[in-house]
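Structure first, then comments.
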Ligand SMILES: [Zn+2]
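Residue numbers (our numbering): 284 to 955.
Okay, here's the thing in structure tokens:
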């Protein structure tokens, strides 16, 4: 994920409109300080920052100069922060004149604002906040201690001083100035939104290398120092890959910075990663690729959050999904199925248009903002062809680098590259919530005089109708033939000419479309019974029903359960069967096939199956009522699984059954 944030416009509304914070203005301002170094290449209004942090205590003093402000100035208002002085071009502003945390343009009249602040960074409390300090790690993300205005992109000239042996990393270009008298001083040059500024300090071992022409740095704790080479190699590979796909890497350097916090965040030219997962192989795979790609998407090209955050979807598509495609079509299909499965599990009131997605604040929005949005890019590439799609990506970057962009800018770039109107595509996938519901029927097959076969197909969808190019795979006596049906209305009939005799047809078997899965298309998961009416049967009626219902509450969640004295196999709905492993083996219908593996090897096993009539069967076996509630205490995290095995209070095995959508082939009527 990228750092969660909102644009300056939203920030003002969300965070700066009220001011209940008492402000203390003192006359003991720090000496005014100006960066005179010639290294800065000025292209945007400057924000000059100087900060000294005592990482042993978190206490700091800072000076900020906001040059040429426009619009409303928002002052930082963290409760641990004291504003010690405030002046406009040398004219001190008395406390009484600044009664809120915003200063109107009419008041500041574009005069440079200088501000001195001090305080103690908060201690980390386990939740990731925008700033925290401990001897292990000190960080500050966004304008938590300095002012911002309505300027989208600023040149931040930053000087940071910390005691040794602390090392400083940050967004932008970094130069060490000096290390003397027990202090480390660096300068940072960062061009971008103040929201994206990040400063990271810790007792790091730093390593430096170069790959793909880009200087690379690692800031790891001593125990992980030997991981640097692996990170350098992977970083170089991904930077080269994305440069070829998109355009030049947008920053001067790239750094990987470790943290004790449980995060993985992408910044301009930097990623901030939990040290606990640094050594995992997936970190130097998809995770690192994803965070590196955020240097292009979300940082070099910023996001207009008000009209929807496109950067997570595009980053997921090009990094996570791109690497899955490298592994082969099966891995890519698995990822698409995973997204469709997660999308299908959202309730209608959880579905929002992608234009409403801001960040992954809750699971539902992540499913859409990452998964659905990545699928939209997959469909767009299918629509345009790879060459036009890649042209659109490169054009989008070239046009919007150093600026803030919206879905509409992506639309423009792809329309330019493809030379066609895409308003319909972006309207239905970005501005509308939901996804299509499709059904395919196979009709008559006739044989022409030339020996070809004409197969009738009928595709229907529920309202609202989507405009789609629907893949259909026709199984023939000589193997499968893939076709596309272009539809835009609620019903579409077609006759497809085939060189060989068709047997059956399947709708979108590779899940290339965002759509509701067909009934029975995806394997059931534990939450498939949500809200339904179950009948239940337990082999030993010992009054454990209440405990069972309580343990299963995360998946029942509103389902009503009727306990019966014997198993009602004829019941036309989901069934819950509770007993020992051997009893369940006897009770389950033969048509479900063999018992799942691993049942009986742990104290508690819970799984769901679907029979050939489409009915769901939930099976549960456990030792004692006490061990049941202990083993399933974390069930709420496993509701997306088909099976869970647990012992001694922890889950030993869980997963989703393979999908059986080969059963969804629709047979043609035989040739007359
Ligand atoms: Zn991300």
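Yeah, the Cβ is synthetic: ideal placement off N, Cα and C, and Gly gets one too.
For residue 467, the three-state secondary structure derived from DSSP is strand. A contact is defined here as three or more CB-CB pairs under 8 angstroms, and the region 915-928 meets this definition with respect to the region 800-816.
With a threshold of 7 angstroms, the Cβ atom of residue 595 counts as near ligand 1, since some heavy atom of the ligand is closer than that. Selection 476, 941, 519, 936 evaluated against residue 892 yields 941 as nearest (Cα-Cα). Boundaries for residue 518: no beta strand (DSSP E) harbours it, while the alpha helix (DSSP H) harbouring it runs 511-528, taken from the DSSP string.
In this structure, DSSP gives residue 908 a helical state, which the three-state scheme calls helix. Distances from the alpha-carbon of residue 706 to those of 445, 386, 553, 749 put 749 closest. In the three-state scheme derived from DSSP, where H, G and I count as helix and E and B as strand, residue 454 is classed as coil. Leaving aside the five residues that flank residue 752 on each side, the residues in its chain whose CB is nearer than 6 angstroms to its CB run, in chain order, 767, 769. Under the three-pair Cβ rule at 8 angstroms, the region 712-724 does not count as touching the region 696-703. One Cα belongs to residue 497, the other to residue 491, and the distance between them is close to 11 angstroms.
Its chain contains 749, 750 as the residues whose beta carbon lies nearer than 7 angstroms to that of residue 711, once the 5 sequence neighbours on both sides are disregarded; these appear in chain order.
Between ligand 1 and residue 440, a heavy atom-to-CB distance of less than 7 angstroms is absent. Within the region 798-863, the runs of alpha helix (DSSP H) that reach at least 4 residues and sit entirely inside it are, in chain order, 828-834, 836-839.
DSSP places residue 673 in no beta strand (DSSP E) but in the uninterrupted alpha helix (DSSP H) bounded by 669-683.
Here residue 766 is bridged, per DSSP, to 755. For residue 439, the enclosing beta strand (DSSP E) covers residues 437-446.
Boundaries cannot be given for residue 507, as no alpha helix (DSSP H) includes it and DSSP labels it neither H nor E. For residue 598, the Cβ falls inside the 7 angstroms cut-off from some heavy atom of ligand 1. Excluding residues up to 5 positions away in sequence, 802, 803 lie with their Cβ nearer than 8 angstroms to the Cβ of residue 897 in the same chain.
For residue 803, the shortest separation between its Cβ and any heavy atom of ligand 1 does not lie below 7 angstroms.
Per DSSP, residue 573 lies in no beta strand (DSSP E); the unbroken alpha helix (DSSP H) holding it starts and ends at 569-576. The beta carbon of residue 650 is closer than 7 angstroms to those of 625, 626, 629 in its chain, skipping five residues each way along the sequence.
Counting along the chain, residue 624 sits inside the alpha helix (DSSP H) bounded by residues 612-627.
For residue 355 against residue 400, the beta-carbon gap comes to about 19 angstroms, at or over 8 angstroms, which does not count as contact.
Of the residues 511, 954, 459, 479, the one whose Cα lies closest to the Cα of residue 760 is 954. If you draw a straight line from the Cα of residue 783 to the Cα of residue 951, it comes to about 13 angstroms. The bridge partners DSSP lists for residue 398 are 347, 369.
Linking residue 415 to residue 756 through their CA atoms gives a straight-line distance of about 55 angstroms. In this structure, residue 584 sits near residue 680, with a CB-CB distance shorter than 8 angstroms.
Apart from sequence neighbours up to five positions away, the residues of its chain that approach residue 709 with a beta-carbon distance below 7 angstroms are 690, 694, ordered along the chain. As the crow flies, the alpha-carbon of residue 336 is around 58 angstroms from that of residue 902. Here the distance from the Cβ of residue 549 to the nearest heavy atom of ligand 1 is below 7 angstroms. Closer than 7 angstroms to some heavy atom of ligand 1: that describes the Cβ of residue 573. At least one heavy atom of ligand 1 falls within 7 angstroms of the beta-carbon of residue 577.
Residue pairing by DSSP places residue 892 opposite 900 in a beta bridge.
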